[in-house]
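Quick note: the sequence shown, position 193, residue 193 per the numbering used here, numbers continuous.
Glycine included, each C-beta is placed from N, C-alpha and C at the ideal position.
None of these values were measured; they are calculated from a predicted model.
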Amino acid sequence: MNHPISSRPTTLPDLCILCGEADAVSKEHVYAAWIGRIHKFGAIKAHYQKTSATGTTKTTEDNFLDKTLPVLCDACNTRWGSDLQDAASAILKPLIKGGEWPALSRKKLHAIAMWATSFAMVREYMYPELVTFEQEKRTRFRKEETIPEGINVWMGAYDGTRDLLTWHRAMFDGFDTGVSQPNTALFVFTIYKVIFVVFSTSSVELASPYSTRNYMLGRCAHAHNLRRVWPNEGIFPAGRPLPVESVENLMPELYDQLAGDAKWLLDRG
Ligand SMILES: [Zn+2]
1 MNHPISSRPT TLPDLCILCG EADAVSKEHV YAAWIGRIHK FGAIKAHYQK
51 TSATGTTKTT EDNFLDKTLP VLCDACNTRW GSDLQDAASA ILKPLIKGGE
101 WPALSRKKLH AIAMWATSFA MVREYMYPEL VTFEQEKRTR FRKEETIPEG
151 INVWMGAYDG TRDLLTWHRA MFDGFDTGVS QPNTALFVFT IYKVIFVVFS
201 TSSVELASPY STRNYMLGRC AHAHNLRRVW PNEGIFPAGR PLPVESVENL
251 MPELYDQLAG DAKWLLDRG
C-alpha cells in the first residue's frame with residue numbers, strides 16, 4: 001500500500017486557507033513583521049524543522065523576515081489578520097523582550113491563542129502534504145473567531161537567544177481505523193524569551209481532555225514550565241524559563257506522550 005501522504009497535494013491552494021472563498025493572493029509572513037521590529041533583527045535566520053518517523057530532522061534555514069506563503073486573501077491578511085496580530089503583539093512584545101509576566105486575563109489568553117493558532121495554520125503550509133486543519137475549521141476560526149475544538153496552546157518563558165526555532169510534526173492518529181489524511185499536529189516555536197506549543201487534532205479520542213494521552217501531553221508541557229493558554233485555565237504567570245539546552249528535547253518528549261497507535265509521517269525525502 002502506498003503511504004497515504006504520497007497522494008496528497010504538495011502545492012499551495014488556490015483559495016484563501018481562512019475564508020476559503022477568495023483567491024489566495026496575499027503573501028502572509030510566517031513570522032509577522034512586528035516580531036522583526038522588536039529587535040531590529042535584520043537578516044537573522046529562522047530554523048524551520050520537521051522530523052521524520054525515524055527521528056531524523058530536516059532543517060531549512062531562511063531569513064524569517066522574508067519568508068512568506070501566499071495562502072491568504074487580501075481581506076484575511078491585511079484587515080482581519082492585522083487586527084489579530086495587533087491584539088497579540090500588544091500582550092506578547094514585553095514578554096518576548098524578557099519582561100515580567102503579568103497575570104493575563106481570559107480575554108488576553110484568548111487573543112494569544114487565536115494568534116498562535118493562526119501561526120500554526122499558516123506554518124503547516126510550509127509542507128502542504130502535511131496539512132492537518134480542515135478547511136471547515138479554518139473558516140469557522142476566521143468567521144466566528146472560534147478556536148477549533150482539538151486545539152491546545154501552551155506558552156512559557158524561555159531563556160532564548162535571538163534565533164527563532166520552529167518544529168512541526170504531523171501524524172495520523174487512528175491510522176488503522178481508516179484515517180486517510182494527517183489529522184494531528186504538534187508545533188513548537190520560540191520567539192526570543194517566549195516559547196509556544198500548539199497541538200491540533202481531529203481525533204475525537206485525542207481531543208478529549210479525559211483521554212490519557214491528552215492528559216499526558218499537558219503534564220509533559222507543564223513539567224517544562226509551560227502554562228496552558230487554551231483551553232483556558234486562567235493560571236499564569238509562567239514559571240522558570242525553559243533553558244536553551246532543553247528546547248531540542250521538547251518536541252520528542254511531547255511526541256512520546258502521544259505515541260500509542262499514532263503513525264508519524266515520513267519525510268517526503
Ligand atoms: Zn480569505
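Span of the alpha helix (DSSP H) holding histidine 224? The residue you call residue 224 lines up with position 224 of the sequence shown. Element bounds for histidine 224: n/a, residue is neither H nor E.
Are the CB atoms of valine 30 and leucine 69 nearer to each other than 9 Å? Here residue 30 is taken as the residue at index 30 of the sequence shown, counted from 1. Here residue 69 is taken as the residue at index 69 of the sequence shown, counted from 1. Yes, Cβ-Cβ distance for valine 30 and leucine 69 is below 9 Å.
With a CB to CB cut of under 7 Å and the five nearest residues on each side skipped, what residues in its chain are close to serine 208? Here residue 208 corresponds to residue number 208 of the sequence shown, with the count starting at 1. Closer than 7 Å at Cβ, skipping near neighbours: Asn214.
Using a Cβ-Cβ cutoff of less than 6 Å, which residues in the same chain neighbour serine 89 once the five nearest sequence positions on both sides are dropped? Within the sequence shown, residue 89 is the residue found at index 89, counting from 1. For serine 89, where only same-chain residues beyond five positions count, the Cβ hits under 6 Å are Trp34.
Looking at the strands, I want to know which residues DSSP matches up with alanine 170. One-based indexing of the sequence shown puts residue 170 at position 170. For alanine 170, which the question treats as bridged, DSSP gives the partners Ala185.
How far does the alpha helix (DSSP H) with tryptophan 101 in it extend, from its first residue to its last? As a working note, residue 101 is residue 101 in the sequence shown. Here tryptophan 101 belongs to no alpha helix (DSSP H), and DSSP marks it neither H nor E.
Give a yes or no on whether the minimum CB-CB distance between glutamate 28 and chain C is below 9 Å. Protein chain content of the structure displayed is limited to a single chain, and chain C is not contained in it.
Going by the C-beta, is leucine 242 closer than 8 Å to any heavy atom of ligand 1? To locate residue 242, count along the sequence shown from 1; it is residue 242. Not under cutoff, so the answer is no.
In angstroms with no decimal places, state the Cα-to-Cα distance between threonine 132 and alanine 157. In the sequence shown, the residue the question calls residue 132 occupies position 132. In the sequence shown, the residue the question calls residue 157 occupies position 157. Roughly 27 Å between the two C-alpha positions.
Rounded separation between leucine 72 and tryptophan 80 - CA only: Working through the sequence shown from its first residue, we reach residue 72 at position 72. Working through the sequence shown from its first residue, we reach residue 80 at position 80. Distance between the alpha carbons of leucine 72 and tryptophan 80: 11 Å.
Roughly how many angstroms separate the alpha carbons of threonine 10 and lysine 193, rounded to a whole number? As a first step, residue 10 is located in the sequence shown; it is residue number 10 there, counting from the start. As a first step, residue 193 is located in the sequence shown; it is residue number 193 there, counting from the start. When rounded, the distance between both Cα atoms is 34 Å.
Buried or exposed for proline 182, going by 16 or more other Cβ atoms inside 10 Å? What you label residue 182 is simply residue 182 of the sequence shown in a count that begins at 1. Buried, since its Cβ has 16 or more Cβ neighbours within 10 Å.
Just to confirm, does glutamate 145 get its C-beta within under 8 Å of one of the non-hydrogen atoms of ligand 1? Counting from 1 along the sequence shown, the entry for residue 145 is found at position 145. No, Cβ of glutamate 145 sits at least 8 Å from all heavy atoms of ligand 1.
Flag this pair as yes or no: are the beta carbons of leucine 254 and cysteine 220 separated by less than 9 Å? For the purposes of this step, residue 254 is taken as the residue at position 254 of the sequence shown. For the purposes of this step, residue 220 is taken as the residue at position 220 of the sequence shown. Yes, the pair counts as a contact, with Cβ atoms nearer than the cut-off.
Give the range of the alpha helix (DSSP H) segment to which alanine 120 is assigned. As a working note, residue 120 is residue 120 in the sequence shown. Here the alpha helix (DSSP H) through alanine 120 covers 106–123.
Which residues have their C-beta within less than 7 Å of a heavy atom of ligand 1, listed in chain order? Cys16, Leu18, Cys19, Glu21, Ala22, Leu72, Cys73, Ala75, Cys76, Arg142
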